[in-house]
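In this text, residue positions in the sequence shown follow numbering that gives the first Met the number 0: the first is 0, and each later residue adds one. No residue lacks a Cβ here, since even glycine has one placed at the ideal position from N, Cα and C. A short worksheet on the structure shown next.
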Amino acid sequence: MSRQSISLLALAAGLSASPAFAAPATAPATAPEAPAQALTTAAGAAVAQEAPSDIVVIGTRRTDRSVTDSASPIDVISSAELAQQPAVNMLDAVRNLVPSFFVPQNTISDASTFVRAPSLRGLGADQILVMINGKRYNRSALVNVYTGADTALSFGSQGSDIGNIPAIAIGNLQVLRDGATAQYGADALAGVLNYSIRKDVGFEAQALYGQTYRGDGESKIFSGYGGLKLGERGFVSLAGEYYDQGQTSRGVTRASAITIQANNPALTVPNPAQIWGTSPGHGYKLFANAALDVGAQSQIYFTGNLAHSETNQSFNYRPSQTNGGFVRNDGTANSTVTLSRNGSFNPIFTTACPAGNATCPTGGFVNSASTQFPLNNGATYSFASLYPGGFTPRFIGKVDQIYGTLGFKGKTGSGFTYDLSGTLSRNSLDLSMNNSLSASYGPQSQTSFQFGKLIQSEITLNADFTYPLEVGFDSPIVLSAGSEYRRERYEKTTGDLQSYGAGPFASQPLYDLVAPGVYQRTIVRDAAGVPVLLNGAVQPVTATQSPAASGYGGTSPNFAGVSTQKSYAFYVGAETDITKALTVGFAGRYENYNTFGGVLVGKANALFRVTDAVSLRATVGNGFHAPSPGQNNTQVVTTNFLGGNQVQTGTYPTSSAIAQFYGAGLLKPERSTNYGAGIVLKPTSALSLTVDGYIIQIKNRIGISQNFTVTPANITALPALASVGLGGVVNYFTNGFDVSSKGIEAVANYRTKLLGGPINFTLAYSYNNLKAKNIKLTTTGQPLVSLQQQYNIANLAPRHRITASAGWQVDDFSINARANYFGEWSNALEYNLVAPAAGATTAPASQIFGGKALFDLDVSYTFAEHFTLTLGANNVFNTFPDKIKASPVNPIYALSGGLNDGQVYPRSGGPFGMNGGFYYARLRVKY
């Protein structure tokens with residue numbers, strides 16, 4: 000791997016770090032924006048040779064900063080490294096290359112399967128700022144509300160979706176691993192990902208085909224790039240990608256489905272009943288980049304992104320029958336249990352009480368005939384007539400992205416630079432479902448549903464200026480100043496009525512016909528027909544069916560609508576080399592939001608060159624993350640798995656009556672303090688080593704509360720809770736806790752030659768210790784964050800991560816090899832070994848999933864000068880996460896060999912996924 004570990008040398012409080020002018024604007028703009036030491040050859044390999052330039056474009060307004068003289072750590076990932084990854088999603092490519100970057104696979108994860116949430120240094124997706132050519136990239140329309148390991152480190156976050164970026168469009172990726180709010184504005188608490196878009200002249204096309212060792216997960220990727228000069232005054236480039244990702248399945252079919260099929264051979268039962276693996280999808284991603292000189296040293300520029308994707312996700316299987324005799328093992332002993340049908344298959348009573356009958360009032364339903372009440376003539380309906388073998392809903396997400404930046408920048412003879420720009424963006428997520436039902440509508444139910452759209456729109460205006468001031472130091476003081484205006488708009492459109500509504504059969508008080516025209520309330524009776532009393536009283540029977548579509552709730556008119564947030568910011572900064580040995584930088588920034596007021600943040604850093612081979616660096620600063628309009632206004636009702644059981648879960652904004660019923664308060668901004676220190680060693684021109692430590696303290700972390708179970712008394716007190724249902728759970732957005740993230744990162748690079756060919760070695764290590772602390776209480780005195788949530792924050796992502804790589808080229812052949820080690824991890828929300836105990840002060844004991852090493856290898860051959868064939872494999876030795884252990888919480892069923900829901904491996908896929916080995920072939924043409 001040719002990634003360089005570099006650092007942010009000087010602090011320029013840029014609110015949008017557009018590339019500084021390293022050359023007059025009249026020079027043809029065809030060089031990479033931030034060259035790394037590894038260049039792409041015709042063989043497509045990372046070739047060890049000196050780069051023509053090593054200017055850093057992120058985080059500084061100076062034009063003379065090198066990749067090794069810096070005060071904060073940065074990873075520079077070349078276009079060749081990104082292109083080598085056979086991944087359809089940029090998230091997976093970055094995860095394989097940056098040790099402190101974590102993202103799960105996400106299988107049955109509701110909308111979080113469509114937009115996966117990453118973390119950096121243990122912090123959430125909306126604590127990572129993403130930039131394109133130094134300009135802020137927009138948020139996704141999705142706020143991650145799914146309960147479980149899929150989103151735990153980003154639970155409640157609304158970050159950018161880098162899955163809309165095609166790898167072939169990237170000149171390089173610079174990953175700033177340091178808090179940078181004072182430089183770039185809100186959200187840069189963990190760091191910054193800055194993508195420099197290609198502008199080189201030429202043509203390139205790639206085609207990739209691959210599949211897993213098991214023969215599924217077929218992937219097809221077709222991508223292309225073209226770049227042209229506009230005379231001697233500018234350039235235009237266009238990059239695009241189309242992908243088609245096949246489905247994988249790493250679970251087993253459910254024991255209930257096996258039995259239903261065996262007992263009813265003529266029925267069609269889904270097999271496997273539900274899919275634990277990668278969801279199938281397809282889409283395209285486009286990027287345009289252009290600039291035109293309009294004066295001796297001024298330029299108009301444009302960057303645009305257009306993307307679309309559609310993913311089809313399996314939901315949980317709904318069995319149509321109740322069967323017994325299932326043997327399961329809880330880790331110590333076997334037991335036999337009965338598995339019930341899904342509640343959707345309970346009988347629905349369709350005969351309404353006769354009009355005008357005082358003994359059977361309007362709104363009541365006539366019970367069906369029984370031995371005790373043979374006069375009953377009530378008809379019933381069962382969804383078994385529609386889905387006799389049960390059903391598995393398919394959840395569909397369509398993501399559309401449009402982003403564009405137009406700007407004007409220049410430089411005067413005195414060195415004064417200016418950059419004026421505007422960015423417009425819109426991201427939408429259209430959610431729908433097929434092969435489902437809305438139980439409370441009975442025989443009137445639809446089978447397909449539109450849940451409504453989520454839409455995030457943004458407007459950003461920037462003005463950035465710098466001026467070099469000579470005061471007699473070793474270099475001029477580069478003064479920087481600027482301003483920013485941002486407007487965010489979050490919209491939720493209304494779904495189909497049946498997707499969220501309660502139909503005519505949601506609540507059915509039942510009546511028995513005891514004589515012609517005379518009815519009485521149906522009550523609970525024992526097998527002998529004797530009334531069963533509760534607290535001395537009979538128990539009336541009311542048949543109920545869940546509102547909304549089975550599996551997910553659409554947006555109702557009560558929660559649909561538009562919310563906005565506006566902010567403006569001003570910043571100043573200064574950086575200089577006081578002497579040849581000492582570089583310093585300072586920055587300050589003020590931002591004001593119409594929703595909560597103003598925030599003042601700052602940052603300072605320094606680099607001291609002890610010798611030519613040894614440098615020391617340090618940085619300190621504070622930052623903030625403002626709650627987004629999406630976090631303040633998201634409402635979702637869905638089905639989650641808690642302790643292996645399906646549970647209806649409602650997530651609500653703090654302003655809602657439901658959230659306030661359970662003690663919610665209004666959201667506040669997160670505040671952070673960052674400390675960093677490190678050493679840079681360059682003993683030779685071919686060898687470098689950086690070691691950096693960091694401490695990040697975040698107050699008022701925005702997330703989602705623990706679950707509060709809905710009781711009959713709750714529904715009586717607040718009827719709106721019927722949308723979640725008895726036994727369902729409610730949670731809401733909250734500033735529930737503080738976070739401490741501490742760690743060490745080390746990167747070593749070595750370049751040499753082997754058998755006459757250049758070879759690069761890279762070794763990178765990341766250690767992160769993340770903890771939740773200062774747990775807040777609800778207004779009713781309950782902890783906002785559960786013990787299991789606290790445990791997962793600390794243990795879900797591996798604390799230890801190592802990557803080692805080598806790239807070697809000899810003539811027309813090249814070989815790239817990589818090893819990735821992921822340390823042990825655990826998940827107390829889903830894989831606890833014992834049930835949570837009332838009054839406990841620690842989370843229940845949970846399964847520890849062991850550390851694993853994965854190996855990747857690819858070999859390339861270039862022929863006819865312009866054509867390169869690559870054969871490769873990721874996860875060469877077909878490594879999987881540990882299987883789920885049998886326990887009282889997660890017993891293993893003898894008939895299927897998996898959990899009740901068919902899981903074999905942890906459903907999130909852990910830190911590297913559960914698809915196993917993947918082999919591929921790629922053909923590349925470049926002119």
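Pro-360 versus Pro-508, Gly-572, Ile-891, Asn-914, residue with shortest Cα-Cα distance:
Pro-508
Where does Val-470 fall in DSSP's three states?
coil
Using the rule of at least 16 other Cβ atoms within 10 Å of the residue's Cβ for burial, across every protein chain shown, is Thr-321 buried or exposed?
exposed
Starting from the C-beta of Gly-303, find all residues in its chain whose C-beta is less than 6 Å away, skip the five residues before and the five after it, and write them out in chain order.
Ala-287, Gly-403
Starting from Pro-72 and walking both ways along the beta strand (DSSP E), at which residues does that stretch end?
72–77
For Gly-516, is the classification buried or exposed, using 16 other Cβ atoms within 10 angstroms of its Cβ as the cut-off for buried?
exposed
Pick helix, strand or coil for Leu-717, following the three-state DSSP scheme.
The three-state reading of DSSP puts Leu-717 in coil, since its state is none of H, G, I, E or B.
Please classify Gln-455 as buried or exposed, where buried requires at least 16 other C-beta atoms within 10 Å of its C-beta.
buried
What residue range is occupied by the uninterrupted alpha helix (DSSP H) comprising Ile-220?
Per DSSP, Ile-220 belongs to no alpha helix (DSSP H); it is in the beta strand (DSSP E), 218–228.
Might you give, ordered along the chain, the residues of its own chain that have their beta carbon closer than 7 Å to the beta carbon of Gln-538, omitting 5 neighbours on each side?
Ile-522, Val-523, Val-531
Would you list the residues sitting across from Asn-311 in a DSSP beta bridge?
Ile-395
Terminal residues of the alpha helix (DSSP H) in which Asp-691 lies
Run containing Asp-691: none in the alpha helix (DSSP H); it sits in the beta strand (DSSP E), 686–703.
May I have a chain-ordered list of the alpha helix (DSSP H) segments no shorter than 4 residues that lie completely inside the segment 594–675?
The DSSP assignment places complete alpha helix (DSSP H) segments of no fewer than 4 residues inside the segment 594–675 at 628–632, 656–660, in order along the chain.
Tell me whether the beta-carbon of Val-87 lies closer than 9 Å to the beta-carbon of Gln-244.
Yes, the Cβ-Cβ distance between Val-87 and Gln-244 is below 9 Å.
Close-in-space but distant-in-sequence residues of the same chain around Arg-253 (CB under 6 Å, 5 per side omitted):
Closer than 6 Å at Cβ, skipping near neighbours: Ala-272, Tyr-316, Gly-901.
Along the beta strand (DSSP E) that carries Ala-818, what are the first and last residues, could you check?
DSSP places Ala-818 inside the beta strand (DSSP E), whose first and last residues are 812–821.
Roughly how many angstroms lie between the CA atoms of Leu-922 and Tyr-224, to the nearest whole one?
14 Å
How would you call Ala-47, buried or exposed, if buried means at least 16 neighbouring beta carbons within 10 angstroms?
Its pLDDT being 33, under 50, Ala-47 is placed unreliably in this model, and the value from its coordinates should be taken loosely. With 16 or more Cβ atoms within 10 Å of its Cβ, Ala-47 is classed as buried.
Rounded C-alpha distance that separates Pro-718 from Ala-712
10 Å
Phe-344 versus Met-432 - alpha carbon distance:
19 Å
According to DSSP, is Pro-508 part of a helix, a strand, or is it coil?
Of the three classes helix, strand and coil, the one that applies to Pro-508 here is strand, per DSSP.
May I ask you to verify whether the segment 75–95 touches the segment 608–624, counting CB pairs closer than 8 Å and requiring at least 3?
no
I think Thr-945 touches Thr-554, with their Cβ atoms under 8 Å apart; what is that distance to the nearest whole Å?
This structure leaves residue 945 out entirely; the chain is present only between 0 and 926.
How is the beta strand (DSSP E) around Met-432 delimited, first residue to last?
Element bounds for Met-432: 416–433.
Is it a yes or a no for the segment 95–105 touching the segment 897–913, going by three-plus beta-carbon pairs under 8 Å?
Cβ pair count under 8 Å is three or more, so yes.
Separation of Leu-606 from Ser-69, as counted between CA atoms
Straight-line Cα distance between these residues: approximately 7 Å.
Could you check which residue in Arg-700, Ala-796, Gly-155, Glu-483 has the C-alpha nearest to that of Tyr-183?
Checking every option, the nearest Cα to that of Tyr-183 belongs to Glu-483.
Could you tell me which residues DSSP puts in a beta bridge with Arg-750?
Asn-759
Does DSSP put Ser-413 in a helix, a strand or coil?
coil
Could you tell me which of Gly-412, Tyr-674, Asn-699 sits nearest to Ser-297, measuring between CA atoms?
Gly-412
Which residues does DSSP list as the beta-bridge partners of Lys-579?
DSSP lists no partner for Lys-579.
For the beta strand (DSSP E) holding Val-326, just list the boundary residues, first then last.
322–328
Any idea if Lys-452 is buried or exposed, counting beta-carbon neighbours within 10 angstroms, 16 or more meaning buried?
buried
Within its chain, find whatever has a CB closer than 8 Å to the CB of Gly-915; leave out the 5 residues flanking it on each side and keep chain order.
Thr-211, Tyr-212, Arg-213, Arg-249, Asn-874, Asn-877, Thr-878, Phe-879
Just to confirm my understanding: we take Phe-415, look at its own chain, exclude 5 residues before and 5 after, and list those with CB closer than 6 Å. What are they?
If we look at Phe-415 and ignore the five residues flanking it on each side, its Cβ neighbours are Tyr-466.
If I'm right that Ile-167 touches Met-89 with Cβ under 8 Å, what's the distance once you round it to whole angstroms?
Not really, about 11 Å apart at Cβ, beyond 8 Å.
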